[in-house]
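Asks: Just so we're aligned: the sequence shown equals residues 3 to 130 in this note's numbering.
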Amino acid sequence: MSVDLLPKKSPLSDNEKHARHSEAQRRYRERNLESTRAKARERMQRQRSKILSPEQRQDKAEKRREKDADFRQLQRSRKFVAKYGYATFIDLYLPEFEAQGKKHLPGLRLDALARKRSKELETHWSEM
Numbered sequence: 003m004s005v006d007l008l009p010k011k012s013p014l015s016d017n018e019k020h021a022r023h024s025e026a027q028r029r030y031r032e033r034n035l036e037s038t039r040a041k042a043r044e045r046m047q048r049q050r051s052k053i054l055s056p057e058q059r060q061d062k063a064e065k066r067r068e069k070d071a072d073f074r075q076l077q078r079s080r081k082f083v084a085k086y087g088y089a090t091f092i093d094l095y096l097p098e099f100e101a102q103g104k105k106h107l108p109g110l111r112l113d114a115l116a117r118k119r120s121k122e123l124e125t126h127w128s129e130m
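1. Can you tell me the Cα-Cα spacing of His20 and Glu32, whole angstroms?
2. Alpha carbon to alpha carbon, how far is Gln27 from Glu57? Give it in angstroms, no decimals.
3. Would you call the CB atoms of Arg22 and Leu14 closer than 9 Å?
4. Determine the DSSP secondary structure at Pro13, reduced to helix, strand or coil.
5. In angstroms, rounded to a whole number, what distance separates the CA positions of Arg49 and Glu122?
6. What is the rounded straight-line gap between the Cα of Arg59 and the Cα of Ala71?
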């Protein structure tokens, strides 16, 4: 059988193309609707589980504060300074800020207190 004798497909009109495409999309949606809904349910459950109750949020914040306090204690320890040869910003300035009644460190801005302290440290480390 030669190529010329094969039955030719008539070209589809735009309406037929659209109708076939719509039908295929509908079948696809029906087939996947159940799994899509299940996935959406799981996603919502995951998001709900991430939302913490006020008590949980408070517990988490307390744990974080304790961890930070432990870390600062470690940074202040003589072993740390002896091992690494330096003290951290928190180690140097936190006692003064706490003494002034401030709760938060104002970033790494070198104000008068910090400049004074850094000069003291320079002389301290240069003498060693």
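No residue lacks a Cβ here, since even glycine has one placed at the ideal position from N, Cα and C.
Replies: Judging by the given coordinates:
1. Position 18 of the sequence shown, counted from the first residue, corresponds to residue 20. Position 30 of the sequence shown, counted from the first residue, corresponds to residue 32. Using only the alpha carbons, I get a separation of about 18 Å.
2. As a working mapping, residue 57 is identified with position 55 in the sequence shown. As a working mapping, residue 27 is identified with position 25 in the sequence shown. Those two C-alpha atoms are separated by around 47 Å.
3. As a working note, residue 22 is residue 20 in the sequence shown. As a working note, residue 14 is residue 12 in the sequence shown. Yes; because the gap between Cβ atoms is below 9 Å, this pair is in contact.
4. For the purposes of this step, residue 13 is taken as the residue at position 11 of the sequence shown. If DSSP states are grouped into helix, strand and coil, Pro13 belongs with coil.
5. In the sequence shown, residue 49 corresponds to position 47, counting from 1. In the sequence shown, residue 122 corresponds to position 120, counting from 1. What sits at residue 49 in the sequence shown is Gln, not Arg. Cα atoms of Gln49 and Glu122: separation of roughly 51 Å, rounded to the nearest angstrom.
6. Locating residue 59 in the sequence shown gives position 57, where the first residue counts as 1. Locating residue 71 in the sequence shown gives position 69, where the first residue counts as 1. Approximately 18 Å between the Cα atoms of the pair.
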